[in-house]
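**Q**
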Amino acid sequence: MKFTLSWLKAHLDTDASLDTITDTLTALGLEVEGVEDRGRELAAFRIAHVVSAEKHPNADKLKLCMVDAGTGELVQVVCGAPNARTGMKSVFALPGTVIPVTGETLKVGAIRGVESRGMLCSERELKLSEEHEGIIDLPADAPVGASFADWRGLSDPVIEIALTPDRVDCAGVRGVARDLAAAGLGTLKPVDTSPVPGRFPAPVTVRLEHPGCPQFAARVIRGVRNGPSPKWLQDALTAVGLRPISALVDITNFFSLDRCRPLHVFDAGKLTGNIVLRPTAAGDGFKALNDKDYTTPAGLVGIYDDSGLISLAGVMGGESTGVTEGTTDVVLEVATFDPVRIAEAGRALGIDSDARYRFERGVDPASVLPAVEAATRMILELCGGEPGETFVAGAEPQWRRALHLRPHRVAHLGGVDVPESEQVRILTALGVEVRQDDGRLACVPPSWRADIHGEADLVEEVLRVHGFHHIPATPLPREPGTPKPALSPAQRRTAFARRTLAARGLMEAVTWSFVPPTQAGLFGQVPDELKLLNPISADLAVMRPSALIGLIAAVGRNAARGFPDVGLFEIGPAFRDGGEKGQDLIAAGVRAGAAVPRNWAKGERAVDAFDAKADALAMLEAAGAPTANLQVTRDAPDWYHPGRSGCLRLGPTVLARFGELHPAVLEAMEVEGRVAAFEVFLEAIPQPKRKGGTAKPLLKLSPFQPIARDFAFVVAADVEADRLVRAAKGADKELITAVDVFDVYQGERMEPGRKSVAITVTLQPTERTLTDPEIEAVGTKVIAAVAKATGATLRA
Amino acid sequence: MDTLDSLKTELLAAVEGAADMAGLEDVRVSALGKKGRITALMGDMRTLSPEERRERGQQLNALKDAVADAIEGRRAVLKRAELSARLAAERIDVTLPARPETEGRVHPISQTVDEIVAIFAEMGFTVAEGPDIETDFHNFTALNMPEEHPARQMHDTFYLPPGPEGGNPRVLRTHTSPVQIRTMLSQKPPIRIISPGRTYRSDYDQTHTPMFHQVEALVIGEDIHMGHLKGCLLEFVRAFFQVDDLPVRFRPSFFPFTEPSAEIDIGCSRKGGELKIGNFGDWLEIGGSGMVHPKVLENCGIDPARYQGFAFGMGIERMAMLKYGIPDLRTFFEADLRWLKHYGFVPLDQPNVAQGLTR
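Put into structure tokens, the structure is as follows:
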């Protein structure tokens with residue numbers, strides 16, 4: 001919403017400075033977005049007379065000018081403009097003036113050895129236009145020494161405010177003035193809405209057949225002259241960015257901006273019969289005033305005459321009945337419409353107009369008849385003519401609401417004491433009818449404030465006008481003692497998992513929750529209920545079934561930039577189905593390229609499934625999962641390499657899956673090389689049960705040294721190492737505390753289909769040092785247990 | 001006697017002449033070993049009279065001690081020489097780089113959330129979470145945003161088909177306010193929560209991404225007023241930006257779910273095109289706030305005649321950008337290793353108030 005300072009002052013009698021006004025507007029919630037104060041910016045620029053313009057002694061293209069800027073003495077200026085000439089009037093700046101286009105301060109200069117004490121200016125230098133061919137050439141009667149901005153009518157500052165959707169009343173300058181008056185910045189001037197008597201019976205009637213129009217007034221004015229509007233009106237509209245068209249059209253625009261009261265005018269001569277408001281039929285067409293053809297869907301509020309649809313109510317008028325310079329008889333339309341209907345119509349046809357903006361937010365329902373009189377008066381004043389009687393269809397809808405404000409609520413809700421008398425003053429100034437009612441204030445909000453519904457709204461009005469800056473910052477009351485943890489155990493676990501993964505060398509990424517459907521398809525079937533109905537692009541169209549998708553894509557992007565060794569993780573959602581509980585919290589990670597890059601100390605190797613397994617296990621351990629009890633199964637889903645992946649399970653529950661990604665998936669996502677990945681289901685990890693407080697189980701240390709014994713087994717190549725290890729562990733649960741695989745061999749020195757697995761078994765005596773026969777006996781048990789479980793034999 | 005003297009001279013010379021530990025050991029064995037020369041002379045004493053034996057014994061013991069001392073002395077010299085030789089041989093080029101290690105980083109969004117949580121934890125808040133896919137009830141209706149509210153239009157909000165439970169199309173939450181609704185529906189006042197999380201709006205340009213993060217706060221009690229809102233925000237922004245005199249300004253505004261409503265501005269300076277947070281006279285908007293609308297309380301089964309409170313919300317990326325000088329919102333989601341390394345945080349840098357929020 002834009003308006004000029006003088007327009008505001010037409011409604012507000014005030015001495016307040018521009019700065020005070022703009023500060024107050026923002027403090028009232030009418031946020032000032034910008035002030036264009038050309039008057040201030042151009043204050044130093046004067047109209048000057050070029051008394052003489054001679055050739056510069058040392059340059060062909062420069063001129064040496066003597067300038068009279070009304071300072072009482074002639075000033076010498078070097079000027080390069082081709083149009084500089086003796087006797088002309090132009091715009092002059094003295095040294096010390098800030099030139100708008102550069103923002104720099106003009107200094108006394110010497111050009112080709114001749115002193116120059118000022119500047120004659122082009123339009124571009126003053127940011128009036130892009131014109132820079134020459135200096136501004138003013139008419140001969142321009143008064144020397146006068147302010148150029150004043151003379152040119154640029155001194156009226158333009159204020160632009162941002163309106164919140166509830167404050168449509170301030171989409172008219174009068175509403176803004178009323179708020180400022182309430183805030184103590186002057187008094188609101190009266191407006192004349194007294195009746196203008198009709199001189200003849202209403203020749204045009206209106207029938208309402210649509211519930212979206214409660215009231216519609218039509219008044220015919222005959223014998224008008226629709227020429228250009230007066231300069232003050234043209235200037236006001238131009239200043240706020242509207243193009244003056246003709247007096248009648250400018251008057252309707254003026255009422256929209258001045259009173260938030262959109263009007264419409266029909267050329268009575270082009271109207272066929274009377275006016276009917278009825279639902280549009282699907283396929284009704286009309287050419288709107290913006291010169292575009294529209295075809296309506298069914299049910300909008302249409303304005304019809306006998307010729308058909310002539311205007312789309314509250315949105316835009318039609319070309320067929322529009323006024324022109326030749327218009328002599330005019331029908332003035334003043335109506336109110338249901339805001340929801342207007343918003344629907346505007347959206348349906350894609351029309352944004354000043355009228356729609358106001359009607360869809362709610363135009364004052366009591367404004368119809370006063371506006372008819374005020375607009376008639378303005379039309380008569382600017383265009384002449386003779387008014388008929390007003391035809392009013394429908395009635396002003398009931399808008400009076402009885403609310404109550406308990407004065408103490410202002411302090412209780414707002415945190416600042418405002419005396420009751422001041423509360424009454426503020427509300428009254430805003431147009432609220434206030435009376436005392438048994439210790440409460442009985443309030444009826446004005447017709448133009450449909451946003452005030454309850455006590456909280458009245459409190460806000462009082463606070464807003466009183467000033468939010470008066471609300472003292474009050475510390476939130478603290479519970480005694482130190483605060484309880486902010487995070488739940490599950491949230492704490494997630495936070496710990498995050499820092500554990502980062503500590504393992506992975507970079508945390510945040511990638512989109514929605515992914516391309518083709519990529520999602522590589523990670524399982526996405527149910528229809530997880531496909532966006534209105535995606536912003538085809539690439540961000542379905543909810544991701546796996547948190548890996550964005551990470552894999554990021555591996556590709558980083559590799560393409562020349563960084564193929566990538567370790568990334570993300571903790572975020574993945575979506576299984578559209579149900580209430582269809583979202584899982586996942587910690588996912590990928591590693592690509594070299595796990596150990598080429599380096600002088602050797603040990604270079606590419607990432608593999610065991611990197612991902614290590615990440616998954618470390619994360620599970622950090623999250624408190626009982627990692628010693630996990631089983632590894634080979635049933636990772638299809639996007640993993642079938643031979644190089646697994647699941648980590650706790651009984652039937654999959655806590656994590658890991659492995660190298662399927663080459664076909666990588667190919668489809670245009671990623672080269674091996675990528676190891678893991679997905680941990682954070683919510684599936686059981687919460688560790690804490691019995692008896694924070695104490696850890698008592699540490700029991702054996703005084704006896706542990707003993708390690710190595711065994712090498714030969715076993716069928718497809719026997720999993722884990723089976724062997726478990727069998728060895730089970731051979732003596734008392735003594736054996738650890739079994740570790742330290743070598744796996746399959747090759748030339750092994751018969752085909754067999755492999756050698758070497759383990760070291762750690763025995764921990766607890767009561768006494770073991771004798772050799774006792775150690776021997778455990779060894780025998782280990783060999784027997786492993787043989788029984790896996791068919792392994794001790795390697796010769 | 002001469003023989004013993006010459007033996008001593010000979011043996012000491014041999015000790016001195018031993019070039020290495022092995023040579024020295026040979027000398028020791030030849031002199032003091034089981035078949036050594038001094039040992040042999042000791043053995044010969046059996047044939048002597050007791051008097052001669054005592055005298056001879058004293059002489060031989062003196063010889064033995066002298067040789068043993070010499071050997072020990074020589075051993076120490078040789079050991080030092082050997083160590084020196086080993087150290088010289090073991091010399092490496094310490095200017096070579098250490099073995100490669102990768103260093104991970106925590107994303108600025110996570111770090112910022114952790115910072116925000118650390119501050120609000122001090123004020124007695126707990127962290128509440130909810131699903132990204134919401135019902136229109138939790139995201140809109142309960143928040144006093146009626147069916148025809150502009151924010152509910154397709155061009156602002158992402159919609160999904162109705163879930164298996166049927167009903168209306170669901171939405172990707174446009175704010176974390178539905179977490180407030182879920183909290184109020186499941187807990188009795190007093191309530192003091194913050195809700196960080198992913199949010200979604202259909203907007204993609206230099207300053208908007210279709211997914212972003214928000215944190216909201218909700219405080220409900222019997223006497224919570226707008227002054228508390230201001231006080232809470234003031235404490236928060238001063239702690240977060242680590243500027244002790246950072247001012248907060250409220251500007252009246254409008255949100256369907258709060259009444260009164262206020263935009264939150266903090267002090268800043270824009271001199272010379274550079275944005276600085278502080279008490280410099282200019283203002284920067286960081287979020288929206290207000291007193292929870294009585295209808296919202298009612299929708300959640302909380303009696304608005306007895307309870308009232310405040311809520312506010314702000315963008316996490318925006319807070320991170322302002323605090324850490326990150327220029328472009330879109331880069332948060334690109335997972336560019338160079339960006340993550342530069343703007344990310346070392347894993348052990350867990351924000352807490354005791355240590356100071358930011359190093």
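Listed in order, the protein sequences are those of chains A and B.
The opening residue of the first sequence carries number 1 in the working numbering; numbering runs sequentially from there.
The opening residue of the second sequence carries number 1 in the working numbering; numbering runs sequentially from there.
Where a beta carbon is used, it is the ideal one built from N, C-alpha and C, also for glycine.
(1) Going along chain B in order, which residues have a C-beta closer than 8 Å to the C-beta of E460/A?
(2) Between the segment 707-730 of chain A and chain B, which residues of the former have CB atoms less than 8 Å from a CB of the latter, in chain order?
(3) Say whether chain A places a C-beta atom closer than 8 Å to the C-beta of G227/B.
(4) Looking only at its own chain, which residues have a Cβ that is under 8 Å from the Cβ of V91/A, when we skip the five neighbours before and after it?
(5) With burial defined as no fewer than 16 other Cβ atoms inside 10 Å of the residue's Cβ, what is the status of R306/B: buried or exposed?
(6) Assuming M378/A is part of the alpha helix (DSSP H), what are its boundary residues?
(7) Please specify which runs of the alpha helix (DSSP H), each continuous and at least 4 residues long, are wholly inside the segment 89-131 of chain A, giving them in chain order.
(8) Tell me which residues of the segment 92-105 of chain B have at least one Cβ-Cβ distance to chain A shorter than 8 Å, keeping chain order.
(9) Around the Cβ of G73/B, are there at least 16 other Cβ atoms within 10 angstroms (buried) or fewer (exposed)?
(10) Answer with yes or no whether the minimum CB distance from M750/A to chain B is below 8 Å.
(11) Counting only the same chain and skipping the five closest in sequence on each side, list residues whose C-beta sits under 6 Å from that of V526/A.
(12) When DSSP builds the beta bridges, which residues end up paired with N352/B?
(13) If we count the other Cβ atoms within 10 Å of its Cβ and call it buried at 16 or more, is R330/B buried or exposed?
(14) By how many angstroms is the C-alpha of A128/B removed from the C-alpha of G314/A?
(15) Run through DSSP, which three-state label would E461/A get?
(16) Under a CB-based cut-off of 8 Å, is M1/A close to chain B?
(17) Can you tell me whether G113/A is buried or exposed? The criterion is at least 16 other CB atoms within 10 Å of its CB, across all chains shown.
(18) Can you list, in chain order, the residues of its chain whose CB lies under 7 Å from that of V786/A, leaving out five sequence neighbours each side?
(19) Are the CB atoms of V179/B and M314/B nearer to each other than 8 Å?
(20) Count the CB pairs spanning the segment 429-449 of chain A and the segment 400-415 of chain A that are closer than 8 Å, and state whether there are at least three.
(21) How close, in whole Å, do the beta carbons of L458/A and L405/A come, if the pair is a contact with beta carbons under 8 Å?
(22) Does the Cβ-Cβ distance between P214/A and A355/A come in under 8 Å?
(23) Closest to F514/A by C-alpha separation, out of V32/A, A538/A and L501/A, would be which residue?
(24) Out of P706/A, S6/A, N83/A and L12/A, state which residue places its alpha-carbon closest to the alpha-carbon of K189/A.
(25) According to a CB-to-CB cut-off of less than 8 Å, which residues of the segment 121-142 of chain B neighbour chain A?
(26) Can you tell me whether Q583/A is buried or exposed? The criterion is at least 16 other CB atoms within 10 Å of its CB, across all chains shown.
(27) Are the C-beta atoms of A281/A and some chain B residue less than 8 Å apart?
(28) Would you mind reading off the limits of the alpha helix (DSSP H) that contains E31/A?
(29) What separation, rounded to the nearest whole angstrom, lies between the Cα atoms of V761/A and A695/A?
(30) Which of the residues in the segment 487-500 of chain A, read from start to end, lie with their CB under 8 Å from any CB of chain B?
(31) Name, please, each residue of chain B whose Cβ falls closer than 8 Å to the Cβ of T799/A.
(32) Measure the alpha-carbon distance for P663/A versus G643/A and round it to whole angstroms.
(33) So if I threshold CB-CB distances at 9 Å, which residues from the segment 400-430 of chain A count as touching chain C?
(34) According to a CB-to-CB cut-off of less than 9 Å, which residues of the segment 232-250 of chain B neighbour chain A?
(35) What would DSSP say about T183/B, mapped onto helix, strand or coil?
(36) Determine which residues share a DSSP beta bridge with V715/A and list them.
**A** Once the coordinates are examined:
(1) P252, E259, P260 and S261
(2) none
(3) yes
(4) F45, R46, I47, A48, L120, C121, L126, I135, I136, L138 and F148
(5) exposed
(6) V368 to C383
(7) none
(8) L96, P97, R99, P100, E101, T102, E103, G104 and R105
(9) exposed
(10) no
(11) A520, V542 and P545
(12) G356/B
(13) exposed
(14) 45 Å
(15) helix
(16) no
(17) exposed
(18) F713, L724, A727, A728 and A792
(19) no
(20) yes
(21) 4 Å
(22) no
(23) A538/A
(24) L12/A
(25) A121, E122, M123, G124, F125, T126, V127, E129, P131, D132 and I133
(26) buried
(27) no
(28) Here E31/A belongs to no alpha helix (DSSP H); instead the beta strand (DSSP E) covers E31 to E36.
(29) 31 Å
(30) L487, S488, Q491, A495, R498, R499 and T500
(31) Any question about residue 799/A goes unanswered here, given that chain A covers just 1 to 796.
(32) 12 Å
(33) Any reference to chain C falls outside this structure, whose protein chains are A and B.
(34) C232, L233, L234, E235, V248, R249 and F250
(35) helix
(36) K755/A
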